[in-house]
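Take the sequence shown: its position 832, counting from 1, is numbered 1832 in the numbering used here, and each next residue is one higher.
The C-beta atom is built at its ideal place from N, Cα and C for all residues, glycine as well.
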Amino acid sequence: MLLFLSSWRHLLRHPWQFGLSVLGVALGVSVVLAIDLTNASALRSFELSVESVSGRATHQILGSSGNLPESLYAQLRRDHGFRQTAPALEGYVGLPLRPGQAFQLLGVDPFAEAPFRSYLRQLSTDSTGAFTEFLTRPDALVMSAATARELSLEVGDPLEVRIGSRVETLRLVGTITLEDEFSRLALKNLLITDISAAQRLLEMPGALSRVDVLIEGPAALEHVKRLQKVLPEGVQLEPVASRVESGAKMTEAFQINLTALSLLALVVGMFLIYNTMTFSVVQRYALLGRLRAVGVTRQQVFRLVLGEAVIVGLLGTLLGLAGGIGLSQELVRLVTQTINDLYFVLNVNAVELSPWSLSKGIGLGMGATLLVVLPPALEASGISPRTVLMRSATEESHRRLQQYAALGGTVLFLVGVGVLQVPTTDLLISYFGLFSLLIGAALVTPACTGWIMSGLRPLVQQVFGVFGALGVRGVQAELSRTGVAIAALMIAVASSIGLQVMVGSFRNTVYQWLGSQLWADIYVSPPSLVANRSDQFLEDELIEALAQTPGVQHVTRLRGLDVEVDFGKLRLIAMNLPEEGYASYRFKESLDGTPWKGFTEKSHLVISEPLAFRTGLQPGDTLELKTPAGPQGFLITGIFHDYASERGFGIISRTRYEQFWDDPRSNSAAYYLQPGQDANQALEAMGATLNRLGRTANAENQGIQDLVIRSNVQLREQSLAIFDRTFAITGVLQLLVAGVAFIGVLSALMALQLERQRELGVMRATGITPGQLWGLITGQCSLMGLVAGVLAMPVGVMLAVVLIYVVNQRSFGWTFPTVVSGGTLLQGLLIAVGAAVLAGLYPAWKMSRTPPALALREE
């Protein structure tokens, strides 16, 4: 109890030191937990979205070329006896009430719903006649009662929905009250209409997204085989579970990268905890020596230091859990936006608190604290009572420890290099190698600091005189504290440099790629909530009408679809290009150097670099595609650079696509203008054409399709805006890691100045003015920041190289050259020096105001 009271009193007498330690743990845990909760919430939202529209269905019938004809559903029930089936049409709409938020629209057949989704059972038993209205009103809408309350809607109220630029009015005829929380979450933001109403809203007459199938019982396997036999070519039967798995796999690399980046904050926080706990031990060497002299055992001293660490870790972890939950509320918006831009439409309204994520945060916070406190705890318990009272012996022991740390860091660095050479696509192994490099560099930092200070001392003394020499000597003599603080700052600044170089190199590559890839002058497509793809179709009449615009020389129709192959699904783009379009593609590898030779006449296929990396396909291989006409082999003639999708895709000629798929539809169109024609004038002319067609359609009580028309300049700008949004969360995490490092430097400097209080008091007593003392302390801080910045530059470039050539390639399959900007390196150096100087302002102010008599007083 006496030892516990002694420890507690020490913590209370040093609230800043104690508070900074707790804050370091809290920030590290907050960042890791926030990313984990955000990723888990996004994935859970996707699972709930799939389950809300699939209900109890075990399988789904999907078309290889997109949507299904509704006649297929009738044939399955009438001709083949599959009664446990239900048609469904899915889409996404916006609400003027909630701009920027996507709502899922589900069109159903109420008479076939009973075995699958029980949503409409309440309506059929409702005495208000809601079910009758749902069947008879063409604008009828049903939603959950919770969603209606959130939108402030009552039964009978109108609701405007936005599809592209078109606004339609529906009427709420009934609400569904759900008992369990799971069902309420599943139906959140789900709008249910009759399937005919959905076809009208989405402009997809006679089309279905899928047919849900319920197959259960002992004969389930036989029913599956029988159903597969009667399905026409180009139509597949897939288990519902595979849809959730494909979504999880699609975003797996993105989420792992975020998690690894968040762990940087915890790594930097570990340096902070180590530094603070080490100083806490050194600060009480005299007390610990006396305790050992009067009979306190080594085990008791060890438990004393460990107990303090438990208090720090526990308080920091609890604060980190609260901070992580709050931070995840902000990060979830950035992550959701990125998933919407790159993968699929996702609407995450709230962060779901996962017991596993919270347990992981507690384990990381407490585990990291206890792990890094072991060396100072062992040091406190392992030194004899006589030597523990000698400060010189203490610092000498730290110098020996630094030698071992430098040796261990070198070994760890080499291990990291070796691990990164292992040919694997496992990102966890890649990040293990990357963290080995970073931690190895951090362990070598104190020794490098000593060498740099020895080299700088003559120069600094010549320029700044005796105070410069004192500043260098102060950093060098107190490496047990300054070395760890410099290492933490170095890791944070190196991470910032590495990420900036990687993002800058990638952005530069994407900018150049867009300049060559956007070969047409004007692009036309239907509105889509997913930025990089559209599954809607353009009306042929509109394509031809816009092609009559003066100055248009050529039109390319593009058709995108997912095709079944042996390794899963392949995104396929069908198009016929003019010569300048073919010339815009840059190939990494090609067959005989002529990838486009015979492309229109033969079954040839060119694939993107990410697809080749993911599947191992090479030029000369033959890939079998499942088409409505039966399996067809396509010869791969080239691999081109592409940065639009990490899944990758393949390109075939429009001629061969229409031959095997018998599908003349288009998802988008690209218009080439005659040389010298102005794209802005052509855009205005196309807008005038659409207005004229719209007036004509309105006069006939009809409407025309909504279109998005953009020039290649506008499309390039929008693509770069999506790129910047994708890496916005990276910038946020960089700031958080830098914040943890700043707190570490501040903690180390405060501890250092407190330890040197007597030494600085002697200086004040011998005539040094407060201003000179201020200059000495800030000079030391500048030297620490300078060393951290200088060491961070090569480590940051190394980090960028690993991120570009290992992590990015294994995550997404693309490669791009490294572009190191001198401005980025200089910025990192200035950040390091600035952070160190800023962190030293308070200790300098405090010591300059401390009276010499108080500093020299000794009990």
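Counted within 10 angstroms of its Cβ, other Cβ atoms place residue i as buried (16 or more) or exposed
| i | result |
| --- | --- |
| proline 1446 | buried |
| methionine 1001 | exposed |
| aspartate 962 | For residue 962 there is no data in the structure shown, the boundaries of the chain being 1001 and 1859. |
| asparagine 1691 | exposed |
| glutamate 1113 | buried |
| valine 1721 | Reading off the sequence, residue 1721 comes out as alanine, not valine. It counts as exposed. |
| alanine 1835 | buried |
Nearest to residue i (by Cα), restricted to the options the options
| i | options | result |
| --- | --- | --- |
| leucine 1191 | Ser1021, Met1204, Leu1172, Pro1205 | Leu1172 |
| glutamine 1681 | Glu1564, Leu1786, Gly1551 | Gly1551 |
| isoleucine 1573 | Tyr1657, Lys1626, Leu1414, Leu1715 | Tyr1657 |
| valine 1484 | Phe1742, Leu1577, Leu1321 | Phe1742 |
| serine 1354 | Leu1374, Leu1321, Leu1370, Pro1376 | Leu1321 |
| arginine 1009 | Ala1832, Leu1287, Val1267 | Leu1287 |
| glutamate 1579 | Ala1377, Gln1075, Ala1520 | Ala1520 |
| methionine 1847 | Leu1826, Leu1825, Thr1769 | Thr1769 |
| glutamate 1216 | Phe1103, Leu1715, Phe1116, Ser1668 | Phe1116 |
| serine 1719 | Ala1583, Gln1517, Leu1617, Thr1696 | Gln1517 |
| alanine 1110 | Arg1226, Leu1141, Leu1153 | In the sequence as displayed, the identity of residue 1110 is proline instead of alanine. Here the closest residue by C-alpha is Leu1141. |
| glycine 1363 | Gln1402, Ala1405, Glu1330, Thr1317 | Thr1317 |
| leucine 1783 | Thr1193, Gly1465, Val1475 | Val1475 |
| asparagine 1808 | Ser1041, Val1708, Thr1689, Leu1428 | Leu1428 |
| asparagine 1712 | Ala1685, Phe1640, Tyr1672 | Tyr1672 |
| leucine 1683 | Arg1665, Arg1695, Gln1714, Leu1693 | Gln1714 |
| tyrosine 1640 | Pro1239, Ala1679, Ile1607, Thr1627 | Per the sequence shown, residue 1640 should be read as phenylalanine rather than tyrosine. Comparing Cα positions, the closest option is Ile1607. |
| valine 1093 | Thr1600, Arg1162, Pro1628, Lys1602 | Arg1162 |
| arginine 1292 | Thr1689, Leu1707, Leu1003, Gly1731 | Leu1003 |
| glycine 1731 | Val1025, Val1493, Ser1196 | Val1493 |
| glutamine 1421 | Ser1007, Leu1830, Tyr1805 | Tyr1805 |
C-alpha distance - residue i paired with residue j, whole-angstrom precision
| i | j | result |
| --- | --- | --- |
| proline 1087 | leucine 1561 | 21 Å |
| aspartate 1724 | arginine 1333 | 14 Å |
| glycine 1324 | alanine 1034 | 4 Å |
| valine 1762 | glutamine 1772 | 14 Å |
| alanine 1380 | valine 1301 | 7 Å |
| leucine 1159 | phenylalanine 1567 | 43 Å |
| alanine 1198 | leucine 1327 | 38 Å |
| glycine 1598 | serine 1357 | 54 Å |
| threonine 1175 | alanine 1146 | 9 Å |
| proline 1817 | leucine 1499 | 14 Å |
| alanine 1130 | arginine 1137 | 10 Å |
| valine 1463 | leucine 1414 | 39 Å |
| threonine 1549 | valine 1563 | 34 Å |
| glycine 1813 | leucine 1617 | 12 Å |
| alanine 1377 | threonine 1850 | 31 Å |
| isoleucine 1815 | phenylalanine 1613 | In the sequence as displayed, the identity of residue 1815 is threonine instead of isoleucine. Spanning the two alpha carbons is a distance of roughly 10 Å. |
| valine 1460 | isoleucine 1497 | 27 Å |
| arginine 1083 | leucine 1227 | 12 Å |
| threonine 1177 | glycine 1504 | 50 Å |
| isoleucine 1651 | threonine 1622 | 14 Å |
Beta-bridge pairing of residue i - partner residues as DSSP gives them
| i | result |
| --- | --- |
| phenylalanine 1587 | Phe1640 |
| alanine 1086 | Asp1212 |
| leucine 1673 | Val1552 |
| proline 1239 | His1059 |
| aspartate 1631 | According to the sequence provided, residue 1631 is proline. The question's aspartate does not apply to it. Bridge partners of proline 1631: Lys1626. |
| serine 1565 | This sequence places valine at residue 1565; serine is not what is there. Its beta-bridge partners are Gly1568. |
| tyrosine 1523 | Ala1670, Arg1710 |
| threonine 1169 | Glu1160 |
| isoleucine 1652 | Ala1574 |
| arginine 1557 | Ala1669 |
| alanine 1853 | None, per the DSSP bridge assignment. |
Spatial neighbours of residue i in its chain, beta-carbon cut-off 6 Å, leaving aside the 5 residues before and after
| i | result |
| --- | --- |
| glycine 1063 | Val1235 |
| tyrosine 1073 | Pro1087, Val1211 |
| alanine 1670 | Ala1520, Tyr1523, Thr1556 |
| glutamate 1860 | Outside the displayed span of the chain (1001 to 1859) sits residue 1860, for which this structure offers no information. |
| alanine 1765 | Pro1852 |
| phenylalanine 1018 | Leu1011 |
Close beta carbons around residue i, own chain, < 8 Å, minus the five adjacent residues each side
| i | result |
| --- | --- |
| valine 1417 | Gly1433, Leu1437 |
Close beta carbons around residue i, own chain, < 7 Å, minus the five adjacent residues each side
| i | result |
| --- | --- |
| tyrosine 1511 | Leu1720 |
| glutamate 1238 | His1059, Gln1060, Leu1062 |
| glycine 1694 | Ile1704 |
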